[in-house]
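Enquirer:
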Amino acid sequence: MKVYRTHTLTITNFVSHYPKQIICFFTLALVIATLFFGQHIAENVQDIWRLLTGQADPYQSIVVWQWRASRLFAALVIGAALGISGAVFQSLVRNPLGSPDITGFNVGAFTGVLLSIALFGNLYWFSVLGAILGGLFSALLVYIFAYRNGHSGFRLIIVGIAISATLSAFNQWLILSVSLETAMTAALWGAGTLNGITWVRILPAAVIIAVFILCAFLLNTRMKLLEMGDDTAAALGVSVNKTRLTLMFVGVALTAVATAITGPIAFIALSAPQIAKRLENSASISLGSSALVGGLLLLSADFIAQHSWEGSTLPVGLITVSLGGIYLVFLIIREGRK
1 MKVYRTHTLT ITNFVSHYPK QIICFFTLAL VIATLFFGQH IAENVQDIWR LLTGQADPYQ
61 SIVVWQWRAS RLFAALVIGA ALGISGAVFQ SLVRNPLGSP DITGFNVGAF TGVLLSIALF
121 GNLYWFSVLG AILGGLFSAL LVYIFAYRNG HSGFRLIIVG IAISATLSAF NQWLILSVSL
181 ETAMTAALWG AGTLNGITWV RILPAAVIIA VFILCAFLLN TRMKLLEMGD DTAAALGVSV
241 NKTRLTLMFV GVALTAVATA ITGPIAFIAL SAPQIAKRLE NSASISLGSS ALVGGLLLLS
301 ADFIAQHSWE GSTLPVGLIT VSLGGIYLVF LIIREGRK
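If you read the sequence shown in this note's numbering, its first letter stands for residue 1, the second for the next number, and so on.
Quick look at the structure:
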């Protein structure tokens with residue numbers, strides 16, 4: 001028994017000391033499996049070497065570097081965006097349930113995209129703009145209705161759930177009101193999917209996401225001060241309301257751009273920051289670790305979506321909802337015991 005405990009503690013200490021390295025290791029392993037796993041693609045090391053050196057069959061090269069690589073890159077970038085967005089909001093409300101999934105910001109982004117599709121058709125940049133405006137509108141509603149001489153994290157979550165339910169009902173009505181073709185496109189996209197992702201679609205979005213991720217890291221110090229309380233942060237020279245609104249804008253924008261590309265993918269933003277926090281055994285949420293875990297989670301979910309059902313690819317949103325629902329129940333039970 002003593003040997004077992006020592007072994008367990010050693011593993012725990014190793015994980016807490018090298019969390020980023022461990023996440024990167026598993027991510028790299030999954031990247032290799034995502035690119036080269038499957039029949040008629042790479043059956044041995046020589047096939048992988050040919051693909052890496054450009055000596056492979058043209059069909060294999062197209063499958064790996066045009067289709068799979070763009071999808072893999074999208075999963076990592078969008079997962080990182082959702083992870084950082086969740087970290088920002090959980091830090092602001094100081095509650096592990098305070099993520100865009102629960103507070104309804106991704107549903108607001110979905111509303112913006114639906115309105116864009118209904119009014120202008122399925123145009124890429126209109127969808128991105130609609131998602132950002134929809135997410136900001138839902139965030140504004142939550143911010144206004146949750147204000148009572150300040151903002152309580154619990155009140156923000158409750159109001160966010162109410163706004164999310166209202167917008168979900170409006171989304172369903174909107175889908176039923178448009179043409180059948182538009183409704184089918186919106187319903188398929190609304191499940192959250194990486195199907196059909198190309199370099200042309202993901203690269204512009206990746207640039208936008210990179211800008212907002214940089215903004216989040218630049219505001220990281222102020223965000224940490226806000227975690228100590230508004231009075232303490234103000235005493236240390238932080239403009240509390242201005243910083244909170246700026247962080248909310250960055251978090252909503254990251255969620256909105258991700259939603260515009262893939263549709264609403266639930267529970268990555270909710271779970272990634274908390275998993276990263278436990279891996280690091282830290283009292284605060286790390287933006288860098290949240291981004292790494294978010295990318296790993298979405299890439300893992302997409303790998304399951306592609307290979308769990310022979311002959312077809314499931315929307316990745318179905319996988320994240322299934323796994324995230326279990327995690328949400330665990331979080332609610334855990335918070336209820338405090």
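Backbone N, C-alpha and C fix where the C-beta goes; we use that ideal spot for every residue, glycine too.
Please list the segments of the alpha helix (DSSP H) lying wholly inside the stretch 124–163, counting only runs of 4 or more residues, in order along the chain.
Expert: Taking only runs of at least 4 residues, the alpha helix (DSSP H) segments lying wholly in the stretch 124–163 are 124–145.
Enquirer: Going along the chain, which residues of its own chain have a beta-carbon closer than 7 Å to the beta-carbon of V3, five neighbours each way excluded?
Expert: Summary for V3: the model assigns pLDDT 46, below 50, so the residue's position carries little reliability; its value from the coordinates is reported in the next sentence. Closer than 7 Å at the Cβ level, and outside the excluded window around V3, lies no residue.
Enquirer: C215 to A256, Cα distance in whole Å?
Expert: The alpha-carbon atoms of C215 and A256 are separated by roughly 15 Å.
Enquirer: Between which two residues does the alpha helix (DSSP H) carrying G251 extend?
Expert: Run containing G251: 240–262, per the alpha helix (DSSP H) assignment.
Enquirer: Grab me the residues of G190's own chain with a C-beta within less than 7 Å of its C-beta, minus the 5 sequence neighbours each way, in chain order.
Expert: Result list for G190: F110, G263, P264, in chain order.
Enquirer: How many angstroms separate the CA atom of F330 from the CA atom of T193?
Expert: Taking the straight line from one Cα to the other gives about 25 Å.
Enquirer: Taking the alpha-carbon of V88 as reference, which of I304, I62, L236, R222 has the nearest alpha-carbon?
Expert: Considering only alpha carbons, the answer is R222.
Enquirer: Quick one: is Q274 buried, meaning 16 or more other Cβ sit within 10 Å of its Cβ, or exposed?
Expert: Q274 should be labelled buried.
Enquirer: Measure from the alpha carbon of L346 to the alpha carbon of each residue in V128, E181, A305, then state which is nearest.
Expert: Any answer about residue 346 is impossible in this case: the structure gives the chain only from 1 up to 338.
Enquirer: Where does S85 land, buried or exposed, given buried means 16+ other C-beta within 10 angstroms?
Expert: So S85 counts as buried.
Enquirer: Check whether the stretch 123–138 touches the stretch 280–296, counting contact only when three or more Cβ pairs, one atom from each stretch, lie closer than 8 Å.
Expert: Too few Cβ pairs lie closer than 8 Å, so no.
Enquirer: When we look at the beta-carbon of N241 and count the other beta-carbons within 10 Å, is it buried (16 or more) or exposed?
Expert: By the neighbour-count rule (16 or more Cβ atoms within 10 Å), N241 is not buried but exposed.
Enquirer: Let's see if you can read the secondary structure: which residues bound the alpha helix (DSSP H) around F89?
Expert: Its alpha helix (DSSP H) spans residues 69–93.
Enquirer: Here's a check: name, in chain order, each residue in its chain whose Cβ is nearer than 8 Å to the Cβ of G324, leaving out the five neighbours to either side.
Expert: D101, A266, F267, I268, L270, S271, listed in sequence order.
Enquirer: If I measure Cβ to Cβ from F145 and keep anything under 7 Å in the same chain, skipping five residues before and after, which residues do I get?
Expert: Same-chain partners within the cutoff: V159.
Enquirer: With DSSP run on the structure shown, which of helix, strand or coil describes G195?
Expert: The sequence given here has Asn at residue 195, not Gly. Of the three classes helix, strand and coil, the one that applies to N195 here is coil, per DSSP.
Enquirer: Note down, in chain order, each residue of its chain lying with its Cβ closer than 7 Å to the Cβ of I163, except the 5 sequence neighbours on either side.
Expert: Correct list, in chain order: G104, S138, L141, V142.
Enquirer: Cα-Cα, which of G98, L203, W173 is closest to M248?
Expert: Measuring from the Cα of M248, the nearest candidate turns out to be G98.
Enquirer: How about G288 and G79: do their beta carbons lie closer than 8 Å?
Expert: No, Cβ-Cβ distance for G288 and G79 is not below 8 Å.
Enquirer: Using only CA atoms, which one of N106, K20, F37 lies nearest to G317?
Expert: Nearest C-alpha to G317: N106.
Enquirer: Could you check the C-alpha separation between N95 and R50 for me, to the nearest Å?
Expert: Going from the Cα of N95 to the Cα of R50 covers about 49 Å.
Enquirer: Below 7 Å CB to CB, which residues in the same chain sit around F303 once its five sequence neighbours on both sides are set aside?
Expert: Cβ neighbours of F303 beyond the five flanking positions: L30, A33, T34.
Enquirer: Write down the C-beta distance between Y124 and R201 rounded to the nearest angstrom, noting that I regard them as a contact closer than 8 Å.
Expert: 7 Å between Cβ atoms; contact.
Enquirer: Is it buried or exposed for I333, if we count other Cβ within 10 angstroms and need 16 for buried?
Expert: Exposed is the call here.
Enquirer: Nearest-angstrom Cα distance between R278 and A301?
Expert: Their Cα atoms are separated by approximately 20 Å.
Enquirer: Helix, strand or coil for L218 per DSSP?
Expert: Helix at L218.
Enquirer: Using only alpha-carbon positions, find the residue among F126, Q306, L176 that is nearest to I261.
Expert: Taking only the C-alpha atoms, the option nearest I261 is F126.
Enquirer: Please work out which residues of its chain come closer than 7 Å, Cβ to Cβ, to T6, disregarding the five sequence neighbours upstream and downstream, and give them in chain order.
Expert: Confidence in T6 is poor, its pLDDT being 48 and thus under 50, which makes the residue's placement too unreliable to answer from.
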